[in-house]
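Below is one structure, written out as structure tokens; the observations come after it.
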Ligand SMILES: [Zn+2]
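Numbering (the working numbering), first residue to last: -9 to 100.
In structure tokens form, the structure reads like this:
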């Protein structure tokens, strides 16, 4: 099996566990790393090439392109379980945090 075949199957496996909602988000319904002893319950995870990876990052990589080194994927839809690459944008950590804070403020102010 080539890595291309592997990638296709990985993407199938990933999309199998996603459900599209009314906002067009592809919402991950599979496993999440939190719950027991892990600090983060925010993102879904999946096995890929022998490693555990974050699902939206893998979805973006398989459907679009590699995420540039040092960049994070920001959820433009603000749904952390969404894996739709149309809703993801590679940004710096500082930009990601800045947007998250802005979104929280906007939510508070209604
Ligand atoms: Zn979304």
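The C-beta atom is built at its ideal place from N, Cα and C for all residues, glycine as well.
- If you draw a straight line from the Cα of residue 48 to the Cα of residue 18, it is about 12 angstroms long.
- As computed with DSSP, residue 10 is found in a beta bridge with 16.
- Around the beta carbon of residue 34, 16 or more other beta carbons sit within 10 angstroms, so the residue counts as buried.
- Collapsing the DSSP output to three states places residue 35 in a strand.
- In chain order, 70 place their CB closer than 7 angstroms to the CB of residue 32, counting only its own chain and leaving out the 5 sequence neighbours on each side.
- From the listed residues 59, 68, 38, 9, the smallest Cα separation to residue -7 is found for 38.
- Counting along the chain, the unbroken alpha helix (DSSP H) around residue 88 starts and ends at 83 to 99.
- Taking the Cα positions, residue 62 is about 30 angstroms away from residue -9.
- Listed in chain order, the beta strand (DSSP E) runs fully inside the stretch 42 to 67 are 62 to 65, counting runs of at least 3 residues.
- The alpha carbon of residue 74 has as its nearest neighbour, out of 52, 43, 100, the alpha carbon of 52.
- Taking 7 angstroms as the cut-off, the C-beta of residue 69 counts as close to a heavy atom of ligand 1.
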